[in-house]
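Novice: Line by line, the protein sequences are chains A and B. Using the numbering used here, read the first sequence as starting at 6 and increasing by one per residue. Using the numbering used here, read the second sequence as starting at 37 and increasing by one per residue. One structure, pasted below without further comment.
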Amino acid sequence: MAKDILVIAEHRGGNLKKVTIEAIGAAKKLAVDLGGEVHVAVLGSGIQPTAKEISSYGVPVFVFDDSKLENYSYETYSQALVPFIENRGYKLFIMGATPTGRDLSATLSSRLKAPVATEVTGLKSENGTIVTTRPIFAGKVISTFAMDSDRAIVTIRPNTFELSEKADGGSVETVPATIGDLKAIVKEVVQKSAGRIELTEADIVVSGGRGIREQGNYKMIEDLAEAIGAAAGASRAIVDAGWVDHSNQVGQTGKTVSPKLYIAVGISGAIQHLAGMSTSKVIVAINTNPDAPIFKIADYGIVADALQTVPLMIEEFKKLS
Amino acid sequence: MKIAVLIKYCPDSEAAINVVSGKLDTSSAKFSVSPYDEYACEEALKIIESQGSGEAVVFNVGPEKNGKGLRDELARGADRAVHIVTEKEITCPEFTSRLLAAALKQENPDLILCGWKGIDYDLGITGTKVAEKLGIPHVMVVSKLTIADGKAICTRQVDSGDEIIEVPLPAVIGAQKGLNEPRYPSLKGIMKAKKKPASQITPAQLGVEEPTGKAMYTGFTFPPSKSAGKKFEGPESVVEVVRLLREEAKVI
Ligand SMILES: Cc1cc2nc3c(=O)[nH]c(=O)nc-3n(C[C@H](O)[C@H](O)[C@H](O)COP(=O)(O)OP(=O)(O)OC[C@H]3O[C@@H](n4cnc5c(N)ncnc54)[C@H](O)[C@@H]3O)c2cc1C
Ligand SMILES: Nc1ncnc2c1ncn2[C@@H]1O[C@H](COP(=O)(O)O)[C@@H](O)[C@H]1O
Numbered sequence: 006m007a008k009d010i011l012v013i014a015e016h017r018g019g020n021l022k023k024v025t026i027e028a029i030g031a032a033k034k035l036a037v038d039l040g041g042e043v044h045v046a047v048l049g050s051g052i053q054p055t056a057k058e059i060s061s062y063g064v065p066v067f068v069f070d071d072s073k074l075e076n077y078s079y080e081t082y083s084q085a086l087v088p089f090i091e092n093r094g095y096k097l098f099i100m101g102a103t104p105t106g107r108d109l110s111a112t113l114s115s116r117l118k119a120p121v122a123t124e125v126t127g128l129k130s131e132n133g134t135i136v137t138t139r140p141i142f143a144g145k146v147i148s149t150f151a152m153d154s155d156r157a158i159v160t161i162r163p164n165t166f167e168l169s170e171k172a173d174g175g176s177v178e179t180v181p182a183t184i185g186d187l188k189a190i191v192k193e194v195v196q197k198s199a200g201r202i203e204l205t206e207a208d209i210v211v212s213g214g215r216g217i218r219e220q221g222n223y224k225m226i227e228d229l230a231e232a233i234g235a236a237a238g239a240s241r242a243i244v245d246a247g248w249v250d251h252s253n254q255v256g257q258t259g260k261t262v263s264p265k266l267y268i269a270v271g272i273s274g275a276i277q278h279l280a281g282m283s284t285s286k287v288i289v290a291i292n293t294n295p296d297a298p299i300f301k302i303a304d305y306g307i308v309a310d311a312l313q314t315v316p317l318m319i320e321e322f323k324k325l326s
Numbered sequence: 037m038k039i040a041v042l043i044k045y046c047p048d049s050e051a052a053i054n055v056v057s058g059k060l061d062t063s064s065a066k067f068s069v070s071p072y073d074e075y076a077c078e079e080a081l082k083i084i085e086s087q088g089s090g091e092a093v094v095f096n097v098g099p100e101k102n103g104k105g106l107r108d109e110l111a112r113g114a115d116r117a118v119h120i121v122t123e124k125e126i127t128c129p130e131f132t133s134r135l136l137a138a139a140l141k142q143e144n145p146d147l148i149l150c151g152w153k154g155i156d157y158d159l160g161i162t163g164t165k166v167a168e169k170l171g172i173p174h175v176m177v178v179s180k181l182t183i184a185d186g187k188a189i190c191t192r193q194v195d196s197g198d199e200i201i202e203v204p205l206p207a208v209i210g211a212q213k214g215l216n217e218p219r220y221p222s223l224k225g226i227m228k229a230k231k232k233p234a235s236q237i238t239p240a241q242l243g244v245e246e247p248t249g250k251a252m253y254t255g256f257t258f259p260p261s262k263s264a265g266k267k268f269e270g271p272e273s274v275v276e277v278v279r280l281l282r283e284e285a286k287v288i
């Protein structure tokens, strides 16, 4: 029986995603119980430096370097990975619960005939059974999902597992990839948030809601985010109002974030919003209504007008740096 | 053009979900069509309207009560419903996708629209699995779709931006928020829906068997309840809060 774990790395243009290092961390812990090793696969074009970087976590890295792998596509990735996996045999596959990770996990689940657990926040092994914890129904319920199979796939929620420590003993091996004809063609990649901190990976997230009163005041949220090195998010109310792009939306029909610190400004705390941020470690809420539901889950609640409070907060944050 | 729309009937996003001795209890929850599937259905209607002809067929796998969800989409404007009736809700995406793929094979649609994920179990797996079983391409998390010359041009939302992806039809396309604004069913639509064709099939009729794998939910609990935090009043209290964030919570 296979015991090894394969982490599938994610990067954008060679920049490694934090969730990959978290996946390596989670895999290393689990490998102790499974009695196997952790390997990492990274796919892309001109990504030897990225492979080298991954190997600094003390793991063997298998790099698929081909111009056809420049952009992620489930077809190219699975054409490269499936034969490799079939040759070596792995017990468990771990990737980030990002749009890419979810897409790949679903494809691999079909092609490897392996069950998959998505958006996992807890991971362990019980006598070879992979036991996962997953929030479901907008985080209202926590489920335990167990996979007692030869192979299993897991996508982990970014920011919920500890980063792997660096270690000696890593290595890099190039694996040739044979990529055949493709049906889906990536025509163009439009970078929107170049240079910005990605919401799902940010340590701190500052989100604004309808309580900021008007579109122009979202600048205040962005300034607050900048002052503390955070990513800026939003409630659906202000996304639907057209004040900010949907890619900023946090919640059930937006992104799921799990930062160290979440600051909700003028957000009531509807269940659908909480679905996207309730696993944040520390929550601060600023709201004029002392009975707003957000205060039920806030560690630090400030009953005050956002327009007066945020500028003061920016000042305080600036003093820290 | 014949467009299939896959819809999931889920507890409403505000519904209370109960856990009774480690088991889920959704009996008191109001159910509705998963929001992403509403975008999928709206897109099918829009494509058919812009082309001047076509048929939108809505599909669901689930217990008898899910017929209501299919009716809701017929009321919005879909033409026909196919209900694969199971005894209970199926939580295994492999099984669901086998059933859907089998039913879709009989229909041969030109395009299959689904939600990029259901809001119940937060999976985002079924659409891709259906495509794999049918041997056709898929694009998930699509916020803009153009159909032309037997191709679909999709804008796929990823973390750092958008990808423009072109696929030949038939394909499975998973709707993301932003794709469109779903219409409300009109009174006339609701009346008409009652007469629209809705067929029921069983897994046995489709010749589909339940997967034998041992992957399953083994328990359900409520998330740990948070103890009430500290509350402050007035803008000037940020000074204290920022101090606590640094010294007590140690997050900045
Ligand atoms: C199927 C479905 C999916 C959904 N998905 C999402 C989702 O993904 N994300 C999401 O966020 N929502 C989602 N929603 C919407 C959600 O139900 C709420 O409507 C939304 O979160 C409300 O946004 P808000 O808190 O900004 O606005 P409101 O609810 O209007 O709250 C504004 C808050 O600001 C406070 N306020 C007013 N003035 C000030 C001031 N000057 N200073 C400080 N505070 C002030 C008010 O007291 C109030 O609490 C979804 C809804 C449905 C039905
Ligand atoms: N039981 C079902 N019946 C019909 N369509 C479904 C069913 N389950 C999932 N789907 C479709 O697949 C999408 C993704 O679902 P999921 O993989 O459960 O997150 C949904 O948005 C639906 O379009």
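Beta carbons: idealized from backbone N, C-alpha and C, even for Gly.
Using a strict less-than 5 Å threshold between each residue's beta carbon and the heavy atoms of ligand 1, what residues do you get?
Specialist: Those residues are G214/A, R215/A, G216/A, S240/A, R241/A, A242/A, G256/A, Q257/A, T258/A, G259/A, G271/A, I272/A, S273/A, A275/A, Q277/A, H278/A, N292/A, T293/A, N294/A, A297/A, D310/A, A311/A, S49/B, P71/B, given in chain order.
Novice: When you compare the stretch 124-139 of chain B with the stretch 300-319 of chain A, are there three or more beta-carbon pairs, one atom per stretch, that lie closer than 8 Å?
Specialist: Too few Cβ pairs lie closer than 8 Å, so no.
Novice: Check this for me: beta carbons of A139/B and I120/B, under 7 Å apart or not?
Specialist: To locate residue 139/B, count along the second sequence from 1; it is residue 103. To locate residue 120/B, count along the second sequence from 1; it is residue 84. The answer is yes: Cβ separation under 7 Å.
Novice: Taking only beta carbons into account, state which residues of the stretch 253-264 of chain A come closer than 7 Å to chain D, listed in chain order.
Specialist: Among the protein chains in the structure shown, which are A and B, there is no chain D.
Novice: Closest to I319/A by CA distance: which of T261/A, I202/A, K224/A, K197/A is it?
Specialist: As a working note, residue 319/A is residue 314 in the first sequence. The shortest C-alpha separation from I319/A is found at K224/A.
Novice: Are any of the Cβ atoms in chain A nearer than 7 Å to that of F268/B?
Specialist: Residue 268/B sits at position 232 when you count from the first residue of the second sequence. Cβ-Cβ to chain A under 7 Å: yes for F268/B.
Novice: Should L204/A be labelled buried (16 or more other beta-carbon atoms within 10 Å of its own) or exposed?
Specialist: Here the question's residue 204/A lines up with position 199 in the first sequence. Classification of L204/A: buried, given that the 10 Å Cβ count is 16 or more.
Novice: Do you know how far the Cα of S252/A is from the Cα of D195/B?
Specialist: Locating residue 195/B in the second sequence gives position 159, where the first residue counts as 1. Locating residue 252/A in the first sequence gives position 247, where the first residue counts as 1. When rounded, the distance between both Cα atoms is 8 Å.
Novice: Please go through the same chain and pick out, in chain order, the residues whose beta-carbon is closer than 7 Å to the beta-carbon of A111/B, but skip the five residues on each side of it.
Specialist: By 1-based counting over the second sequence, the position of residue 111/B is 75. For A111/B, where only same-chain residues beyond five positions count, the Cβ hits under 7 Å are P221, G225, I226, A229.
Novice: Alpha carbon to alpha carbon, how far is K169/B from D141/B? Give it in angstroms, no decimals.
Specialist: Translated into the one-based positions of the second sequence, residue 141/B becomes position 105. Translated into the one-based positions of the second sequence, residue 169/B becomes position 133. Asp is not the amino acid found at residue 141/B; the sequence shown has Lys there. Rounded to whole angstroms, K141/B to K169/B spans 10 Å at the Cα level.
Novice: Just the chain A side, please: which residues come within less than 8 Å of D156/B by C-beta, in chain order?
Specialist: One-based indexing of the second sequence puts residue 156/B at position 120. What D156/B touches in chain A: I141, F142.
Novice: Using DSSP bridges, identify the partner residues of T179/A.
Specialist: Walking along the first sequence from the start, residue 179/A turns up at place 174. T179/A pairs with V68/A.
Novice: Just the Cα atoms here: how many angstroms apart are S169/A and A31/A?
Specialist: Residue mapping note: residue 169/A aligns to position 164 of the first sequence, counting from 1. Residue mapping note: residue 31/A aligns to position 26 of the first sequence, counting from 1. Taking the straight line from one Cα to the other gives about 7 Å.
Novice: Which value, in whole angstroms, describes the spacing of the CA atoms of E193/A and E75/A?
Specialist: Here residue 193/A refers to the residue found at position 188 when the first sequence is read from its first residue. Here residue 75/A refers to the residue found at position 70 when the first sequence is read from its first residue. Straight-line Cα distance between these residues: approximately 12 Å.
Novice: Tell me the rounded alpha-carbon separation between K292/B and I276/A.
Specialist: Past the boundaries of the shown model lies residue 292/B; chain B is included only from 37 to 288, so the question cannot be answered.
Novice: Under 7 Å between C-beta atoms, does E246/B make it to chain A?
Specialist: Numbered from 1 along the second sequence, position 210 holds the residue referred to as residue 246/B. For E246/B, the answer is no, since every Cβ of chain A falls outside 7 Å of its Cβ.
Novice: Can you have a look at F268/B and say buried or exposed, based on whether 16 or more other CB atoms are within 10 angstroms of its CB?
Specialist: Numbered from 1 along the second sequence, position 232 holds the residue referred to as residue 268/B. F268/B should be labelled buried.
Novice: Measuring CB atoms only, is the stretch 138-146 of chain A touching the stretch 279-292 of chain A, in the sense that at least three cross pairs come out at less than 8 Å?
Specialist: Yes: the two stretches touch, three or more of their Cβ pairs being nearer than 8 Å.
Novice: Which residues in chain A have a C-beta closer than 9 Å to the C-beta of T254/B? List them in chain order.
Specialist: Along the second sequence, one-based indexing puts residue 254/B at 218. Those are V136, S148, T149, F150, A151, listed as they occur along chain A.
Novice: Please compile the residues from chain A whose C-beta is within a distance smaller than 7 Å of the C-beta of D198/B.
Specialist: Sequence index remark: in the second sequence, residue 198/B carries index 162 (1-based). Within 7 Å Cβ-Cβ: V195, K197.
Novice: At what residues does the beta strand (DSSP E) containing Y45/B begin and finish?
Specialist: Indexing the second sequence from 1 puts residue 45/B at position 9. Taken as a continuous stretch (DSSP letters only), the beta strand (DSSP E) holding Y45/B covers 45-47.
Novice: Using 7 Å as the limit for Cβ to Cβ distance, is K145/A near chain B?
Specialist: What you label residue 145/A is simply residue 140 of the first sequence in a count that begins at 1. So yes, K145/A belongs to the interface.
Novice: Against chain A, does A251/B count as a neighbour if the rule is that its beta carbon must be under 7 Å from one of theirs?
Specialist: Taking the second sequence and counting its residues from 1, one reaches residue 251/B at position 215. True, the Cβ-Cβ gap to chain A drops below 7 Å.
Novice: What residue does the beta strand (DSSP E) around C128/B start on, and which one ends it?
Specialist: Taking the first residue of the second sequence as position 1, residue 128/B is located at position 92. No beta strand (DSSP E) holds C128/B; DSSP gives it neither H nor E.
Novice: Between which two residues does the alpha helix (DSSP H) carrying E199/B extend?
Specialist: Indexing the second sequence from 1 puts residue 199/B at position 163. E199/B -> not in any alpha helix (DSSP H); beta strand (DSSP E) instead, spanning 197-204.
Novice: Can you give the Cα-Cα distance for G63/A and I288/A, rounded to whole angstroms?
Specialist: On the first sequence, residue 63/A is found 58 positions in, with the first residue counted as 1. On the first sequence, residue 288/A is found 283 positions in, with the first residue counted as 1. Going by the C-alpha atoms only, they are around 35 Å apart.
Novice: Flag this pair as touching only if the stretch 153-171 of chain A and the stretch 84-96 of chain A have three or more C-beta atom pairs under 8 Å; answer yes or no.
Specialist: Contact between the stretch 153-171 of chain A and the stretch 84-96 of chain A is present, because at least three Cβ pairs lie under 8 Å.
Novice: If you measure from the beta carbon of V287/A to each beta carbon in chain B, is any gap under 7 Å?
Specialist: Stepping through the first sequence from its first residue, residue 287/A is reached at position 282. Answer yes: the Cβ-Cβ gap between V287/A and chain B drops below 7 Å somewhere.
Novice: Using 10 angstroms around the beta-carbon of G51/A, count the other beta-carbons present and answer buried if the total reaches 16, otherwise exposed.
Specialist: In the first sequence, counting from the first residue as 1, residue 51/A sits at position 46. When all chains shown are included, G51/A counts as exposed.
Novice: Does D245/A have its Cβ less than 7 Å from a Cβ in chain B?
Specialist: In the first sequence, residue 245/A corresponds to position 240, counting from 1. False, the Cβ-Cβ gap to chain B never drops below 7 Å.
Novice: Please confirm whether L11/A and F98/A have their CB atoms less than 7 Å apart.
Specialist: Within the first sequence, residue 11/A is the residue found at index 6, counting from 1. Within the first sequence, residue 98/A is the residue found at index 93, counting from 1. Yes.
Novice: Which value, in whole angstroms, describes the spacing of the CA atoms of D208/A and G160/B?
Specialist: Taking the first residue of the first sequence as 1, we reach residue 208/A at position 203. Taking the first residue of the second sequence as 1, we reach residue 160/B at position 124. Each residue's alpha carbon lies about 25 Å from the other.
Novice: For a cutoff of 7 Å on Cβ pairs, would you count G306/A as touching chain B?
Specialist: Within the first sequence, numbered from 1, the residue matching residue 306/A stands at position 301. Closer than 7 Å: yes.
Novice: Is any heavy atom in ligand 2 found nearer than 6 Å to the beta carbon of N216/B?
Specialist: Counted from its first residue, the second sequence places residue 216/B at position 180. Answer for N216/B: no, Cβ out of range of ligand 2.
Novice: List the DSSP bridge partners of C190/B.
Specialist: As a working mapping, residue 190/B is identified with position 154 in the second sequence. DSSP, once it has assigned bridges, lists L181/B, I201/B as partnering C190/B.
Novice: How do the stretch 202-220 of chain B and the stretch 165-184 of chain B stand: do at least 3 beta-carbon pairs fall below 8 Å, yes or no?
Specialist: Judged by Cβ distances under 8 Å, the stretch 202-220 of chain B makes contact with the stretch 165-184 of chain B, as three or more pairs qualify.
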